[in-house]
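Numbering (the working numbering), first residue to last: -4 to 454. No residue lacks a Cβ here, since even glycine has one placed at the ideal position from N, Cα and C.
As C-alpha cells, then:
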C-alpha cells in the first residue's frame, strides 16, 4: 500500500507528465494502482531504435520517494530483455545511489539515454544494429498484442503509430527567433541539477546546464525548447545532438568515478573554486515555518497558504569567500505520523537545520525531548544548526503584551545540544534568511574537520 508521501508525490508527477512531458517520453500510472506506472519511449533519430515504440513499467515501492523504482521494458528492443528488471543507478538495484529529488521524467530520460549507449548491465542483451532496427519497425505491432498496453494507452492502440505529446519538434512561438540577442539573453537561465543515468553504482554525476541560445536548433527540423536535458555520456550527446551540445555550458558539481576521483575526496576540506556538495536535512515540528524559510531562500517569495510537507527536495549554491557550497536541502514532515518515513531521509546528512517557532514553546521543548533522540539514533555525526523562526512576531506581540520565546531561550538550548550555530530569522520579513544559509554552508564546508565542543551563537 502506498504511503501518503508516495501518493502525494506520484499524483503531482502524473499531473506534470500530462502537462509537460519530456521529448520522446510519456508515462502514466494505472488507475487502480498509483505505484505501477507504464511508459512509452520513442527511439531517438539516428539510432538503431529510430521509429521504435517501447513500452515498459516503473514499479514504485510504497516508500517512494525515499526508495527507487524497479524498471522493466516489455517491448523487444535488442537492448533489454523483455519483462526483466533493468539495473541502472536510478533503479532499485542501487538504492544507495538514489536521490529522492529525481522524478519520473528524470528516470525515463535517463533510461532512454542509457538505451542508446553500449554499456552492459543486468537486464541488457546484445544484438546487431540491423536486428535492433528490425525490432523497432515491429515494435508497435507487438505492443498492440499486449493487453496492458492497450488498456493503459488506448489512444495509442490504433493500427497506425502515433506521435507522443512531445516528439522533440516543438516550433518556437512567433517573434521568438533565436537570432534575437536580447531574447536569447532573457531566455538564458540557470536550471536545477540533473543526474545522469548509468549502469554502475560507483558513478554519480550531477550537472547544471545553462541554456545559452534558446530555442536550440539541434537539427534542421527540430527545435528543443526544454531547458533541462539529461545526457548519459558525452559521446552520446556529441553524436546525436552536436549543435545542442555546443550550446550547453556544463558545470560538473560532483563526481565519484571509480579510479578517477576517490569517493569523499573533498571531505574535511573547505570550499574551493569548483565547489563542494553537502546535504542539509531540515527538521522541526509541523507548522513551525521550515518550508517558508526554504521558499524565501530558494524562490525569494513567501508562501501565502500552509500545506503540510511530506517530502520536498531543493538544491541551491551558496557562495562563500573561499568558494561555493552546493547545498541539497531536504524538507521533511514534522508530524508524528511521518516518523517512520522521515527516518529514511537521514542517510549521508552533513548538517541538520533544526527549527523551532518563537510563538510555540512546545516546538522548542521538542528540540531536546523529541528531535535530539531521533538525531542521535539516525545521524549522530551530523552537525546541528539551531534556528528560531517567526522572529517578526516578537514585534507584533510586544504591542499585544504577549510572551514569546526569547533569544536567551534559544541560546540555552543550543548550548545544551552542542549546536554548531544558533541563529534567528523571519522568513515573512526576509530578515536574516540569507545569513542562516551562509552559516549553514560554512558549517557544512567544514564537516570532517576537528570539531569544537562550544557552540557559536549569532544574533
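Cβ shell of residue i (< 7 Å), same chain only, five flanking positions each side left out
i: residue 356; result: 400
i: residue 88; result: 82 and 117
i: residue 95; result: 60, 61, 306 and 308
i: residue 283; result: 329, 350, 351, 352, 355, 358 and 384
i: residue 71; result: 77, 130 and 137
i: residue 361; result: 280
i: residue 457; result: Not covered by the structure: residue 457. The range shown for the chain is -4 to 454.
i: residue 31; result: 24, 25, 52 and 54
i: residue 319; result: 266, 270, 312 and 313
i: residue 135; result: 48 and 156
C-alpha distance - residue i paired with residue j, whole-angstrom precision
i: residue 338; j: residue 370; result: 9 Å
i: residue 105; j: residue -4; result: 27 Å
i: residue 35; j: residue 410; result: 55 Å
i: residue 56; j: residue 316; result: 43 Å
i: residue 206; j: residue 276; result: Legend: pLDDT at residue 206 = 31, less than 50; position of this residue unreliable, no value from coordinates given.
i: residue 405; j: residue 413; result: 12 Å
i: residue 43; j: residue 109; result: 13 Å
i: residue 133; j: residue 149; result: 19 Å
i: residue 90; j: residue 58; result: 12 Å
i: residue -1; j: residue 336; result: 10 Å
i: residue 13; j: residue 6; result: 11 Å
i: residue 373; j: residue 340; result: 9 Å
i: residue 100; j: residue 16; result: 7 Å
i: residue 11; j: residue 22; result: 10 Å
i: residue 293; j: residue 125; result: 49 Å
i: residue 48; j: residue 348; result: 46 Å
i: residue 140; j: residue 159; result: 19 Å
i: residue 436; j: residue 285; result: 17 Å
i: residue 27; j: residue 147; result: 11 Å
i: residue 84; j: residue 64; result: 11 Å
i: residue 29; j: residue 368; result: 34 Å
i: residue 429; j: residue 299; result: 20 Å
i: residue 69; j: residue 143; result: 10 Å
i: residue 114; j: residue 287; result: 43 Å
i: residue 431; j: residue 291; result: 12 Å
i: residue 364; j: residue 33; result: 45 Å
i: residue 154; j: residue 50; result: 16 Å
i: residue 389; j: residue 2; result: 38 Å
i: residue 278; j: residue 161; result: 39 Å
Cβ neighbours of residue i in the same chain (closer than 6 Å, five flanking residues each side left out)
i: residue 295; result: none
i: residue 387; result: 421, 423 and 424
i: residue 151; result: 157
i: residue 4; result: 60
i: residue 122; result: 73
Enclosing beta strand (DSSP E) for residue i [first to last residue]
i: residue 31; result: 28 to 37
i: residue 349; result: 346 to 352
i: residue 379; result: 378 to 384
i: residue 457; result: The question about residue 457 has no answer, for the chain in this structure spans -4 to 454.
i: residue 327; result: 318 to 327
i: residue 52; result: 48 to 54
i: residue 273; result: 271 to 279
Chain-order list of residues whose beta-carbon lies under 8 Å from that of residue i (same chain, five-residue window excluded)
i: residue 438; result: 346, 378, 380, 415 and 416
i: residue 120; result: 73, 74, 75 and 76
i: residue 45; result: 38, 39, 128 and 131
i: residue 426; result: 386, 387 and 420
i: residue 334; result: 369
Start and end residues, alpha helix (DSSP H) containing residue i
i: residue 8; result: -1 to 14
i: residue 405; result: 402 to 411
i: residue 289; result: 285 to 294
i: residue 356; result: 356 to 361
i: residue 369; result: 367 to 373
i: residue 156; result: Where residue 156 is concerned, there is no enclosing alpha helix (DSSP H), given that its DSSP letter is neither H nor E.
i: residue 299; result: Looking at the DSSP string, residue 299 is not in any alpha helix (DSSP H), and its letter there is neither H nor E.
i: residue 139; result: Per DSSP, residue 139 belongs to no alpha helix (DSSP H) and is neither H nor E.
i: residue 334; result: 334 to 337
Cβ distance (whole Å) where residue i is taken to contact residue j below 8 Å
i: residue 326; j: residue 289; result: 6 Å
i: residue 20; j: residue 107; result: 6 Å
i: residue 18; j: residue 163; result: 4 Å
i: residue 433; j: residue 313; result: 7 Å
i: residue 80; j: residue 66; result: 7 Å
i: residue 382; j: residue 418; result: 5 Å
(request) Let me know the beta strand (DSSP E) ranges lying completely inside the segment 59 to 125, each 3 residues or longer, listed in chain order. (result) 65 to 68
(message) At 3 residues or longer, what runs of the beta strand (DSSP E) sit wholly inside the segment 413 to 448?
(response) 416 to 419
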